[in-house]
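The next block holds one structure in the form of structure tokens; read it before the comments.
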Amino acid sequence: MGITKGLPEGFNPLNYDVIVVGAGFAGAVCARRLAEACGDKVAIIERRDHIAGNAYDCLDDAGVLIHKYGPHIYHTHSERVHEYLSRFTEWTDYNHKVLANIHGTLMPVPFNHQSLKLAFGDEKGERLYQKLVAAFGEDKKVPIMELREKNDPELAEVADYVYENVFLHYTMKQWGKTPDQIDPSVMGRVPVFVGDDDRYFPKAPHQGMPAVSYTDLFEHMLDHDLISVFLDVDARDLLSLGDGHVNVCGQPYGGEVIYTGALDELFGFDLGALPYRTVDMVFETLDEDQFQPVGTVNYTVSENFTRITEFKNMTGQVVPGKTTILREYSRTYLPGVGETPYYVINEPQNIELYKRYKARVEDILNFHVVGRLAEYRYYDMDGVTASALELSDDLISNH
1 MGITKGLPEG
11 FNPLNYDVIV
21 VGAGFAGAVC
31 ARRLAEACGD
41 KVAIIERRDH
51 IAGNAYDCLD
61 DAGVLIHKYG
71 PHIYHTHSER
81 VHEYLSRFTE
91 WTDYNHKVLA
101 NIHGTLMPVP
111 FNHQSLKLAF
121 GDEKGERLYQ
131 KLVAAFGEDK
141 KVPIMELREK
151 NDPELAEVAD
161 YVYENVFLHY
171 TMKQWGKTPD
181 QIDPSVMGRV
191 PVFVGDDDRY
201 FPKAPHQGMP
211 AVSYTDLFEH
221 MLDHDLISVF
231 LDVDARDLLS
241 LGDGHVNVCG
251 QPYGGEVIYT
261 GALDELFGFD
271 LGALPYRTVD
281 MVFETLDEDQ
291 FQPVGTVNYT
301 VSENFTRITE
311 FKNMTGQVVP
321 GKTTILREYS
331 RTYLPGVGET
341 PYYVINEPQN
351 IELYKRYKAR
361 VEDILNFHVV
371 GRLAEYRYYD
381 MDGVTASALE
391 LSDDLISNH
């Protein structure tokens, strides 16, 4: 693997069989598979000054390993994804747990047996739990809508408590919506977990953290003689699309182009900008060993930030006397000014706008879009890896 800042003098795209835009999961997986399976020479063009996309992690000034773009917790049900990524890293056995700070009391979320007793007291909480077990069985996630359908005042009380204290205010902060703007069907799907398992991903057979770091995982994935990575390069300065073909650096390009960036940016927002939520990430290093008992605490009824993450609780890193926390402040994304678009706003008019952008590239045979931004959809890390594996399957079979 060669990593270069900027394009070298005399860079010629025709020397490469594949050009990948973006060095996150989508781009890196496709690049590695095509280099290995097809012997393709691959150039990765990355706008940022680092690889690994939003999964990028690094040591801060205190020596604490932080996730620059917010907490990334690996979990998957896919054997194929796990087998593939495990080629490039070993994993810790970390199981993510999240607490909600509800009026100063820390309760597990999803809301479970322990949460009931913390919210309603031991005696009433246990009685409510036994009602839930009788109605739904144990080890089940039950949407609060189903609790209300039982026509039991106490189960309705649980539903109302979870809605008000776990979901409503947190959602208003996360998405910038008033209660009347929140889809009732979404509210109804908020779950109560009938059981004691307080892991955030209780059903995922594979979960943990890279044994070294996410950046280390990417360094191993991109470590191939046929892969070259060029950082600090904006692909929009190199690519132009038209008449069914791709121009790169002003000349027709006949190889494969795998694009993982935002399509509205690529076209200069000429149909309008696709809406997102962004997050202001505020890191703070504290002179103490531990700030909170778990990796993430959601502030569901108070504060103007959504959550606090403490990275040492997730990575298991030992840094005596120092810890770094992250507060996240969600707000509207401003396009074209260098902000990071984090969360797709999955509303019909936005999906229709995306489809109009997508239609512009569908007739370009060697231009492929994959990934969170390029597909305008929310992905966990395993989901975007699976999507990249599927695309590269197609490209390999048609090689």
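Note that UniProt numbering has the sequence shown beginning at 1, numbered continuously upward. Just so you know, even glycine gets a beta-carbon here, dropped at the ideal spot from N, CA and C.
Does the Cβ-Cβ distance between residue 96 and residue 207 come in under 8 Å?
-> For this step, residue 96 is matched to residue 96 along the sequence shown. For this step, residue 207 is matched to residue 207 along the sequence shown. For residue 96 and residue 207, yes; Cβs fall inside 8 Å.
Would residue 108 count as contacting chain E if we go by Cβ distances under 8 Å?
-> Protein chain content of the structure displayed is limited to a single chain, and chain E is not contained in it.
Could you tell me which uninterrupted beta strand (DSSP E) segments, each at least 3 residues in length, are contained entirely in the segment 290-347, listed from first to last along the chain?
-> 296-299, 307-310, 323-332
Using the C-alpha atoms, what's the distance from residue 122 back to residue 196?
-> In the sequence shown, the residue the question calls residue 196 occupies position 196. In the sequence shown, the residue the question calls residue 122 occupies position 122. Each residue's Cα considered, the two are about 14 Å apart.
Taking Cβ positions, are residue 101 and residue 306 nearer each other than 8 Å?
-> Position 101 of the sequence shown, counted from the first residue, corresponds to residue 101. Position 306 of the sequence shown, counted from the first residue, corresponds to residue 306. In this structure, residue 306 does not lie closer than 8 Å to residue 101 by Cβ.
At what residues does the beta strand (DSSP E) containing residue 107 begin and finish?
-> Translated into positions along the sequence shown, residue 107 becomes position 107. Here the beta strand (DSSP E) through residue 107 covers 105-109.
Leaving aside the five residues before and after residue 89 along the sequence, list all residues of the same chain whose C-beta is less than 8 Å from its C-beta, in chain order.
-> In the sequence shown, the residue the question calls residue 89 occupies position 89. Contacts found: 210, 211, 212, 216, 217, 220.
If you draw a straight line from the C-alpha of residue 198 to the C-alpha of residue 108, how long is it?
-> Stepping through the sequence shown from its first residue, residue 198 is reached at position 198. Stepping through the sequence shown from its first residue, residue 108 is reached at position 108. Cα to Cα, the separation comes out at about 6 Å.
Out of curiosity, what's the CA-to-CA distance linking residue 318 and residue 13?
-> As a working note, residue 318 is residue 318 in the sequence shown. As a working note, residue 13 is residue 13 in the sequence shown. Between residue 318 and residue 13, the C-alpha separation is close to 45 Å.
Measure from the alpha carbon of residue 283 to the alpha carbon of each residue in 233, 112, 59, then state which is nearest.
-> Working through the sequence shown from its first residue, we reach residue 283 at position 283. The residue with the shortest Cα to Cα distance from residue 283 is 59.
Mind listing, in chain order, the continuous alpha helix (DSSP H) runs of no fewer than 4 residues lying wholly within the segment 222-271?
-> 263-266
Mind pulling the beta strand (DSSP E) runs of 3 or more residues that sit fully within the segment 87-170?
-> 98-102, 105-109, 140-143
Nearest neighbour of residue 258, chosen from 15, 313, 31 [CA to CA] = Against the sequence shown, residue 258 aligns to sequence position 258. It is 31.
When you compare only the Cα positions, how much space is there between residue 403 and residue 201?
-> What is shown of the chain runs 1 to 399, which leaves residue 403 out entirely.
Within the chosen definition, does the segment 388-397 reach the segment 17-32 through at least 3 CB pairs nearer than 8 Å?
-> yes
Report yes if the C-beta distance between residue 351 and residue 245 is below 8 Å; otherwise report no.
-> Locating residue 351 in the sequence shown gives position 351, counting from the first residue. Locating residue 245 in the sequence shown gives position 245, counting from the first residue. Their beta carbons are not under 8 Å apart, which means residue 351 does not touch residue 245 by this criterion.
Going by DSSP, what residues sit across from residue 434 in a beta bridge?
-> Residue coverage of the chain in this structure runs from 1 to 399, which leaves residue 434 outside it and unanswerable.
Within 8 Å, strictly: CB atoms of residue 354 and residue 378 | Stepping through the sequence shown from its first residue, residue 354 is reached at position 354. Stepping through the sequence shown from its first residue, residue 378 is reached at position 378. Not closer than 8 Å, so no.
Please report the residue range of the alpha helix (DSSP H) in which residue 76 lies.
-> As a first step, residue 76 is located in the sequence shown; it is residue number 76 there, counting from the start. Note, residue 76: premise wrong, no alpha helix (DSSP H); beta strand (DSSP E) at 74-76.
Buried versus exposed, by CB contacts within 10 Å (16 or more), residue 275 = On the sequence shown, residue 275 is found 275 positions in, with the first residue counted as 1. Result: buried.
If residue 214 sits next to residue 72, beta carbons under 8 Å apart, how far is it from one beta carbon to the other, in whole angstroms?
-> Working through the sequence shown from its first residue, we reach residue 214 at position 214. Working through the sequence shown from its first residue, we reach residue 72 at position 72. Confirmed, Cβ separation roughly 6 Å.
Just tell me which of 124, 329, 204, 348 has its CA closest to the CA of residue 78.
-> Your numbering for residue 78 matches position 78 in the sequence shown. Residue 78 has its Cα closest to that of 204, out of 124, 329, 204, 348.
Provide the residue span of the beta strand (DSSP E) that contains residue 364, from first to last.
-> Taking the first residue of the sequence shown as 1, we reach residue 364 at position 364. Careful: residue 364 lies outside any beta strand (DSSP E) and carries neither H nor E.
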